[in-house]
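Okay, structure first, notes after.
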Amino acid sequence: MKKAARWMAALLPVLVVLAALPQAQAVNISQDEVKKIAVAGTAVAAVEKMKAKAKPPAVPKTPQVDIPGASPEKPAANKKEAKKAAREKADAAKQAADEAFGQVEAMAKAGDIQAQYILGFAYYTGRQVDTDDKAAVEWWRRASISGHPDASAYVGLAYAEGFGGRPKSPAEAERRYLRAEQDGSALARVLLGIDGYKTNMQADKAAAVKRFRTAAQQGNPQAKDFLQKIGQKGTDVKLDFGENLDWKKEAEKTPLTELYTQAGTNAFWGRLVTQDYAAAVRWWQLAASQDYAAAQALLGTAYYTGRGVEQDEKTAVALFKTAAAQNEPLAQYMLGKAYLAGNVVQKNKELALKLFRAAGAAGIADAQQQADRLEKEG
1 MKKAARWMAA
11 LLPVLVVLAA
21 LPQAQAVNIS
31 QDEVKKIAVA
41 GTAVAAVEKM
51 KAKAKPPAVP
61 KTPQVDIPGA
71 SPEKPAANKK
81 EAKKAAREKA
91 DAAKQAADEA
101 FGQVEAMAKA
111 GDIQAQYILG
121 FAYYTGRQVD
131 TDDKAAVEWW
141 RRASISGHPD
151 ASAYVGLAYA
161 EGFGGRPKSP
171 AEAERRYLRA
181 EQDGSALARV
191 LLGIDGYKTN
201 MQADKAAAVK
211 RFRTAAQQGN
221 PQAKDFLQKI
231 GQKGTDVKLD
241 FGENLDWKKE
251 AEKTPLTELY
261 TQAGTNAFWG
271 RLVTQDYAAA
281 VRWWQLAASQ
291 DYAAAQALLG
301 TAYYTGRGVE
311 QDEKTAVALF
321 KTAAAQNEPL
331 AQYMLGKAYL
341 AGNVVQKNKE
351 LALKLFRAAG
361 AAGIADAQQQ
371 ADRLEKEG
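Oh and the sequence shown: position 326 is 326 in the UniProt record's numbering, straight run, nothing missing.
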């Protein structure tokens with residue numbers, strides 16, 4: 001058991017596949033890259049590498065794999081039972097979301113920088129609370145004081161558009177954007193790039209393209225789209241990328257569960273906050289409790305390696321099964337490893353092969369290599 005845990009930890013490519021977002025793309029990460037990422041212990045770096053390499057077309061449909069013990073929903077006997085089951089499921093989902101958000105509110109009020117940013121995001125998008133731009137900007141302001149880069153960018157956006165009780169002030173907006181850019185905000189780079197590109201001055205356009213490229217490397221979807229349009233039309237054409245862009249609608253595409261998951265990843269690797277494995281687990285639990293597959297996969301790795309929580313390989317594999325049943329690539333890959341080794345589950349080479357194929361189809365190169373090797377072995 002300990003040996004299996006060691007090889008699992010050594011090869012752990014902690015890839016978060018944000019399947020809920022339309023911008024998530026299939027990518028190929030070589031085995032050498034996977035090992036480098038694992039050795040560095042940088043899940044965020046893996047995510048950025050995945051997003052930076054992402055190219056159209058969108059992620060191919062991942063093959064469905066039947067997972068033993070994944071507890072698939074049984075079909076209702078009749079319409080009445082179906083309605084009852086749907087209502088119970090909706091009630092349970094709402095309760096989980098309410099409880100998670102309640103914890104985030106408490107953390108924000110206690111001064112947690114990531115919780116403050118998320119609470120601002122919730123008020124801005126109307127998730128879990130009524131839309132309130134003034135409250136959103138206030139929470140972002142608090143987070144920005146503690147150095148949250150995207151919170152600073154959003155405060156700048158409030159000045160640029162004049163919402164949340166802030167007067168329109170391009171100068172103040174630019175000041176906020178520049179501060180956020182220095183702290184590493186991809187959003188700020190995009191906002192500055194938009195303002196620069198529309199001047200139609202070649203020097204400003206060159207600076208804007210540089211910003212878009214950096215933001216694209218960080219995984220920003222708008223930056224990727226802008227670069228694609230620039231590539232198609234050339235830099236001689238005047239373009240105003242912000243003309244028809246509704247930032248609130250763009251924000252609404254991101255579920256709170258994704259933000260909880262990212263907050264956990266930040267805590268795990270010491271981004272924005274002091275490295276704290278236990279805090280990472282708590283964040284992932286908030287998202288995993290709402291059936292967010294990416295968080296379930298990451299929480300599974302925490303249980304499997306014993307980081308931030310007492311090691312429990314059975315719980316880890318159960319989480320991998322739940323997430324893999326939702327076609328989460330990291331979970332499929334990890335579960336394939338478990339079935340191949342016969343760790344916690346009964347050894348099943350055929351099922352391991354199916355799981356590796358599925359994860360490989362989603363872009364995990366090491367999974368595809370494992371599948372190829374197993375097929376050659378016969």
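Built from N, CA and C at the ideal position, the CB exists for glycine as well.
As the structure is a computational prediction, the values presented were derived from the model and not from experiment.
Put simply, the backbone Cα of L157 is about 17 angstroms away from that of K198. The continuous stretches of alpha helix (DSSP H) do not include L239, and DSSP gives it neither H nor E. Residue nearest to W283 within the set E105, G193, N200 is E105 (criterion: CA-CA distance).
The Cβ-Cβ distance between G360 and A371 falls below 7 angstroms.
Nearest to V344 by alpha-carbon distance, out of A223, E313, I67, L178, is E313.
Inter-residue distance for K83 and F356 is about 36 angstroms (C-alpha atoms, whole angstroms). F268 and A279 have their C-alpha atoms roughly 7 angstroms apart. Taking G193 as reference, the option from F226, Y123, E99 with the minimal CA-CA separation is F226. In this structure V273 is in contact with Q114, their Cβ atoms being roughly 6 angstroms apart against a cut-off of 8 angstroms. In summary, P170 is exposed, with fewer than 16 beta-carbon neighbours lying within 10 Å of its beta-carbon over all protein chains present.
Excluding five sequence positions before and after Q128, the CB atoms of its chain that fall closer than 6 angstroms to its own CB belong to F101, A122, given in chain order.
Taking the C-beta atoms as reference points, A153 is found nearer than 7 angstroms to A188. In this structure, the CA atom of R176 is about 7 angstroms from the CA atom of V155. As the crow flies, the alpha-carbon of L119 is around 12 angstroms from that of D130. Between Y304 and A316, the C-beta spacing is below 7 angstroms. Under the three-state reduction of DSSP output, V281 falls in the helix class. For the set N220, A206, T254, the Cα lying nearest the Cα of D236 is the one of A206.
Short of 6 angstroms from the beta carbon of W139, and not among the five residues preceding or following it, lie these beta carbons of its own chain, in chain order: Q116, L119, G120. With a threshold of 16 other beta carbon atoms within 10 Å, N327 meets it and is buried. Taking 7 angstroms as the cut-off, the Cβ atoms of A180 and A215 do not count as close.
In the structure shown, M201 adopts coil according to DSSP, grouped into three states. With a contact defined as Cβ atoms closer than 8 angstroms, A288 and Q296 qualify at about 5 angstroms. With respect to the 7 angstroms criterion, A338 and Q332 are not classified as neighbours on the basis of their beta carbons. Runs of the alpha helix (DSSP H) lying entirely within the region 274-336 and spanning at least 4 residues, in chain order: 277-288, 293-305, 313-324.
The beta carbon of S146 lies closer than 7 angstroms to those of I113 in the same chain, with the five residues before and after it left out. Between L286 and G300, the beta carbon gap of about 15 angstroms keeps them out of contact (Cβ cut-off 8 angstroms). With 16 or more neighbouring CB atoms inside 10 Å of its own CB, D195 falls in the buried class. In this structure, the CA atom of K248 is about 47 angstroms from the CA atom of R373. The residue among K79, N200, Q228 with its C-alpha nearest the C-alpha of R213 is Q228. In this structure, F163 sits away from D132, with a CB-CB distance that is not shorter than 7 angstroms.
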